[in-house]
Amino acid sequence: MKKMAIVYCLIALILQYSTIIIAAQPKNVIYVTLDGLRWQDLYETKQYFPTLWKKHAETAHFYGKPGSNKYFEVASVPISQPSYTSQMTGKVLSCFDNKCSRISQETVLEFIKLKLKLKRENVAVFSSWKQINLVAEHTAGTIVSNNSQAAMTDPITGKVDSTMLRLNQQQTEPTPYEGYRYDRYTYQQAIHYLKKYQPKLLWIGLFDADSEAHLNNKPGYDKALRYFDYAIDNLIETLKEMGIYQDTTIIITTDHGRGDGKNWITHGPSYPESKKTWAISFNTEIVPDGQNEKGTYYSTKSIRKTIEKIMLS
Ligand SMILES: [Zn+2]
Numbered sequence: 003m004k005k006m007a008i009v010y011c012l013i014a015l016i017l018q019y020s021t022i023i024i025a026a027q028p029k030n031v032i033y034v035t036l037d038g039l040r041w042q043d044l045y046e047t048k049q050y051f052p053t054l055w056k057k058h059a060e061t062a063h064f065y066g067k068p069g070s071n072k073y074f075e076v077a078s079v080p081i082s083q084p085s086y087t088s089q090m091t092g093k094v095l096s097c098f099d100n101k102c103s104r105i106s107q108e109t110v111l112e113f114i115k116l117k118l119k120l121k122r123e124n125v126a127v128f129s130s131w132k133q134i135n136l137v138a139e140h141t142a143g144t145i146v147s148n149n150s151q152a153a154m155t156d157p158i159t160g161k162v163d164s165t166m167l168r169l170n171q172q173q174t175e176p177t178p179y180e181g182y183r184y185d186r187y188t189y190q191q192a193i194h195y196l197k198k199y200q201p202k203l204l205w206i207g208l209f210d211a212d213s214e215a216h217l218n219n220k221p222g223y224d225k226a227l228r229y230f231d232y233a234i235d236n237l238i239e240t241l242k243e244m245g246i247y248q249d250t251t252i253i254i255t256t257d258h259g260r261g262d263g264k265n266w267i268t269h270g271p272s273y274p275e276s277k278k279t280w281a282i283s284f285n286t287e288i289v290p291d292g293q294n295e296k297g298t299y300y301s302t303k304s305i306r307k308t309i310e311k312i313m314l315s
């Protein structure tokens, strides 16, 4: 009988321990940025993001939604490089346009890699815009960073597999901007990487909405938003297929808003309304940047705090 009691005790202990494991906070982070997507186009009309609203809204946390008390703003000037810099450092550094040199402080991507003693291939960024290369790493080569039309290779062997080869060729498709790759290639490279290497921390930076808006191309902007909707759904489904959805926090946000009315094509300090943005998260909530009389305040600086909290606590 004594033996049986010990066995029961052991089983109870194992069950309790496995419950703790199941209930543990997700430890992987996928960070997605949809450059220049206005909060109005996410929240005010349901014409965009049909799959998000229909299939995933119930499980999502929303920030910057009209009528809620969760406000989201760009901490820096509402311009891409300064904004991404504030996301990566949790601070507003001296960078005020898109011509800044390499980021002057260690980024959250580098910090997490160092703290968790991760291998280089466990932290990766894929983006459509060449400047992200300068924002993602303070020391070039610390993490895997694939931006603009740079060819992708295996981070360990330097070889190119068949999917990389196909995408490396397709992504050379000419674009209206120098140092730019269409989002469909950036996203496919990132998803291939996710499936093959299962990084702990992955940033996917998509940019077509901002590019099309600056060209005053409304049909192009709409098309970019439809692709974003597809990408969010595809990302969630891919993680579920891989069996790691519950272990992963997804944070989706933007770098800045846009001007009102006919100024929708632009953004920056002359359009204070473009400071107002949004965010969505799955599986964990974003860390606030402060509290005021209106409610809870979040900003681009919240991104670093959130990634650190998830991965280091
Ligand atoms: Zn822009």
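Okay, so the sequence shown: first residue is 3 according to this note's numbering, each after it adds one.
All C-beta atoms, glycine included, are put in the ideal place defined by N, C-alpha and C.
Cα-Cα separation, residue i to residue j
{"i": "Lys307", "j": "Tyr195", "result": "25 Å"}
{"i": "Leu36", "j": "Leu54", "result": "14 Å"}
{"i": "Arg228", "j": "Gln42", "result": "15 Å"}
{"i": "Asn100", "j": "Ile288", "result": "26 Å"}
{"i": "Ile312", "j": "Asn30", "result": "8 Å"}
{"i": "Leu314", "j": "Thr144", "result": "19 Å"}
{"i": "Lys278", "j": "Gln49", "result": "20 Å"}
{"i": "Asn71", "j": "Pro290", "result": "12 Å"}
{"i": "Gly207", "j": "Gln89", "result": "12 Å"}
{"i": "Glu239", "j": "Ile305", "result": "23 Å"}
{"i": "Ile23", "j": "Asp249", "result": "Only weak support exists for where Ile23 lies, its pLDDT of 47 falling under 50; the coordinates are left without a value."}
{"i": "Glu108", "j": "Met244", "result": "31 Å"}
{"i": "Ile246", "j": "Leu116", "result": "23 Å"}
{"i": "His63", "j": "Ile282", "result": "6 Å"}
{"i": "Thr61", "j": "Asp235", "result": "13 Å"}
{"i": "Tyr182", "j": "Phe209", "result": "9 Å"}
{"i": "Thr177", "j": "Leu136", "result": "21 Å"}
{"i": "Lys303", "j": "Pro68", "result": "21 Å"}
{"i": "His2", "j": "Ser82", "result": "Outside the shown range of the chain (3 to 315) lies residue 2, about which nothing can therefore be said."}
{"i": "Asp224", "j": "Lys242", "result": "28 Å"}
{"i": "Met166", "j": "Gln191", "result": "7 Å"}
{"i": "Lys220", "j": "Thr91", "result": "33 Å"}
{"i": "Cys102", "j": "Ile134", "result": "11 Å"}
{"i": "Ile254", "j": "His58", "result": "13 Å"}
{"i": "Arg122", "j": "Ser164", "result": "22 Å"}
{"i": "Ser78", "j": "Gly263", "result": "23 Å"}
{"i": "Thr47", "j": "Phe98", "result": "32 Å"}
{"i": "Thr21", "j": "Pro28", "result": "In this prediction, Thr21 scores a pLDDT of 46, lower than 50, which makes its location untrustworthy; no coordinate-derived value is stated."}
{"i": "Ala142", "j": "Phe284", "result": "30 Å"}
{"i": "Leu237", "j": "Gln293", "result": "32 Å"}
{"i": "Ile158", "j": "Glu275", "result": "45 Å"}
{"i": "Leu118", "j": "Gln200", "result": "16 Å"}
{"i": "Lys296", "j": "Val162", "result": "52 Å"}
{"i": "Ala138", "j": "Lys93", "result": "14 Å"}
{"i": "Asn265", "j": "Gly222", "result": "17 Å"}
Residue i vs residue j beta-carbon contact at 8 Å
{"i": "Ala215", "j": "Arg186", "result": "no"}
{"i": "Ile114", "j": "Ile252", "result": "no"}
{"i": "Ser150", "j": "Lys132", "result": "yes"}
{"i": "Leu39", "j": "Thr286", "result": "no"}
{"i": "Tyr299", "j": "Tyr73", "result": "yes"}
{"i": "Leu120", "j": "Lys202", "result": "yes"}
{"i": "Ala233", "j": "Tyr189", "result": "yes"}
{"i": "Val76", "j": "Ser301", "result": "yes"}
{"i": "Glu112", "j": "His140", "result": "yes"}
{"i": "Pro52", "j": "Asp231", "result": "yes"}
{"i": "Ser130", "j": "Tyr184", "result": "yes"}
Rounded Cβ spacing between residue i and residue j (contact assumed at less than 8 Å)
{"i": "Tyr65", "j": "Trp280", "result": "6 Å"}
{"i": "Pro80", "j": "His269", "result": "5 Å"}
{"i": "Lys267", "j": "Val110", "result": "The amino acid at residue 267 is misidentified as Lys; the sequence shows Ile. With 8 Å as the limit, Ile267 and Val110 do not qualify as a contact, their Cβ atoms being about 31 Å apart."}
According to DSSP, residues forming a beta bridge with residue i
{"i": "Thr35", "result": "Gly207 and Thr255"}
{"i": "Glu75", "result": "Lys278 and Ser301"}
{"i": "Thr109", "result": "DSSP, once it has assigned bridges, lists no residue as partnering Thr109."}
{"i": "Gln293", "result": "Thr298"}
{"i": "Phe64", "result": "Ile282"}
{"i": "Asn30", "result": "Thr250"}
{"i": "Phe128", "result": "Asn148 and Ile206"}
{"i": "Tyr182", "result": "Trp131"}
heavy atom of ligand 2 below 7 Å from residue i C-beta
{"i": "Asp212", "result": "For ligand 2, the structure offers nothing, since it holds only ligand 1."}
Check: Using 8 Å as the Cβ pair cut-off and three pairs as the minimum, do the region 142-158 and the region 169-180 touch?
Finding: Result yes; three or more Cβ-Cβ pairs closer than 8 Å.
At least three beta-carbon pairs within less than 8 Å, the region 114-126 to the region 196-203: These segments touch.
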